[in-house]
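Notes follow the structure.
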Amino acid sequence: MTVTRFAPSPTGHLHVGNLRTALFNWLVARKGGGRFILRFDDTDPERSKQEYVDSIRADLDWLGLAWDREEFQSRRLDRYAEAADRLRAAGRLYEAFETPAELDLKRRKLLNMGRPPIYDRAALKLTEEEKAALRREGRRGHWRFLLDRERVEWQDGILGPVSIDAASVSDPVLIRGDGQVLYTLASVVDDMEMGITDVVRGADHVTNTATQIQIIRALGGEPPRFAHHSLLTGPEGEALSKRLGSLSIRELREAGVEPMALLSLLARLGSAKPVELFSSLDELAEGFDLADFGAAPTRFNPADLGPLTARHLASLPHDAVAGRLAAAGIPADIAPAFWQAVRENLTRFDDVADWWRLLSEGAAPLVEEKDREFVAEALALLPPPPYDAESWKKWTAAVKEKTGRKGKALFMPLRKALTGRDHGPDMAVLMPLMRRVRALEAPHADGAEADGTSAERAAGKTG
Ligand code: GLU
């Protein structure tokens, strides 16, 4: 059975970059009929916050990316200690005492000599007496994994065959001087014990994968399948990290982006297939294949989410939004017809409130000076609400006969007079939903703008 995990550190809100990782893992599990684990990589007690655990859960919930199981690394520290003991016993974990400043100096020396800044393993040569002396000085040892200096190879689900020379990598620190277990070890222990079969993560983890494969083998395990997706950049190719705030899932949600718009875009961006609007996660999973994705950095433009959101809303039947319409205060009896009328004119769902206000309270007529007389004449021919499906046709025919206007010169000023806008749903569909029509405001003495007190012309007394 396929088992995947999404392993965020709860040190910030989810953003589109890590959502992509979550989605890919979710889809791989779904396609494999398997399980998806939400694992909080929270071994850093200072930076990990409950607030972020809650917000990550809320974001995944909103997106419909349900998880089968939840894990916290902070509750598994004994497992990591046990694995560390085994590595020590196998001679693969050694204690080192260099301070960050000393390590930095070593790195700079090597770079100056034109050599790669790989840790020189000086700690391996320390005798027990020397270590004891260092401890007496107050130094606390950190623990490094002793890499086999050989090539590590794997067949990557996205990158294809990958080969990394472990001799070009420093022995990774697995446990800090203060005893904190680091991600590299915790992740490996979890992946093994939780039966993870597939790890999909960002290309920034490729080197980690090489070292983690060695650690897994040293612990007697078999590595899972790995796939590394490219990193997202902004529309100009700039690092996404610069604008993460505005690309957090919560900000996108607050901006009115619909989950399916976001998921549809992320499921295809950077792949060989064109972006398509999917109607459900199931439909999205059907066409999903990691092999379609490439290694090149992938540009993400939040502006693409607007049209996808609008198209998604336009495609939704009333049933799918009944609850949201009720929450927005749209009366249940009118909601189906209302939704049918406005759904193609929304840039975000919350626009329904504007349309509803317009229909229930009437809109201040939008009138160009040159049309003022025409509109006044036309409104005089309009009976008060309620209207039906024929009302628009009858009214415009009467206005045409009286004024001689036709085509756009007839229809547009009338639309603007009734709705206060120059665009919107078919007027024949909208009129039956109108409960009030506002009168034309008297022009100022100087002939400029209306005075703001809008008399009510007709009284459809509902609300
Ligand atoms: N917490 C790690 C990260 O967010 C997880 C990486 C992994 O998937 O192994 O980068």
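Start counting at 1 in the sequence shown, then tack on 1043, and there's your number in the numbering used here. Where is the CB? At the ideal position from N, CA and C, for every residue including glycine.
| Item | Value |
| --- | --- |
| Thinking C-alpha only, which one of A1346, D1347, Y1123, P1340 is nearest I1201? | P1340 |
| For ligand 1, is there a heavy atom less than 7 Å away from the beta-carbon of P1051? | yes |
| Buried or exposed: D1102, going by 16 or more other Cβ atoms within 10 Å of its Cβ? | buried |
| Assess contact between the stretch 1074-1094 and the stretch 1305-1322, defined as three or more Cβ pairs (one per stretch) separated by less than 8 Å. Is contact present? | no |
| Using only alpha-carbon positions, find the residue among L1283, R1151, Y1137 that is nearest to K1168. | Y1137 |
| Decide if R1194 is buried, meaning its Cβ has at least 16 other Cβ atoms within 10 Å, or exposed. | exposed |
| Return the Cβ separation of A1246 and L1274 in integer angstroms, given the expectation that the two are a contact with Cβ distance under 8 Å. | 6 Å |
| Leaving out five residues before and five after W1105 in sequence, what residues of the same chain have Cβ atoms less than 8 Å from its Cβ? | I1292, R1296, P1302 |
| Could you give the first and the last residue of the continuous alpha helix (DSSP H) run that contains P1408? | Note, P1408: premise wrong, no alpha helix (DSSP H); not H, not E. |
| Determine the DSSP secondary structure at P1345, reduced to helix, strand or coil. | helix |
| Kindly indicate the opening and closing residues of the beta strand (DSSP E) around Y1137. | 1136-1139 |
| Taking only three categories from DSSP, how would you classify H1361? | helix |
| Report the rounded CA-to-CA distance for P1215 versus F1343, giving the unit in angstroms. | 32 Å |
| Indicate, with yes or no, if ligand 1 has a heavy atom lying under 7 Å from the CB of V1242. | yes |
| Identify, in the order they occur along the chain, each residue of the same chain with its Cβ nearer than 8 Å to the Cβ of R1150, setting aside the five sequence neighbours on each side. | P1160 |
| Going by alpha carbons, who is nearest to Y1446 out of D1394, V1418, E1281, K1436? | Sequence check: residue 1446 is Thr here, not Tyr. Here the closest residue by C-alpha is V1418. |
| Counting along the chain, where does the alpha helix (DSSP H) carrying G1060 start and finish? | 1059-1074 |
| Report the rounded CA-to-CA distance for A1338 versus R1244, giving the unit in angstroms. | 12 Å |
| Might you give, ordered along the chain, the residues of its own chain that have their beta carbon closer than 6 Å to the beta carbon of S1213, omitting 5 neighbours on each side? | I1161, Y1162 |
| If you run the structure through DSSP and keep just helix, strand and coil, what is V1480? | strand |
| Please report the distance separating the alpha-carbon of E1281 from that of A1485. | 54 Å |
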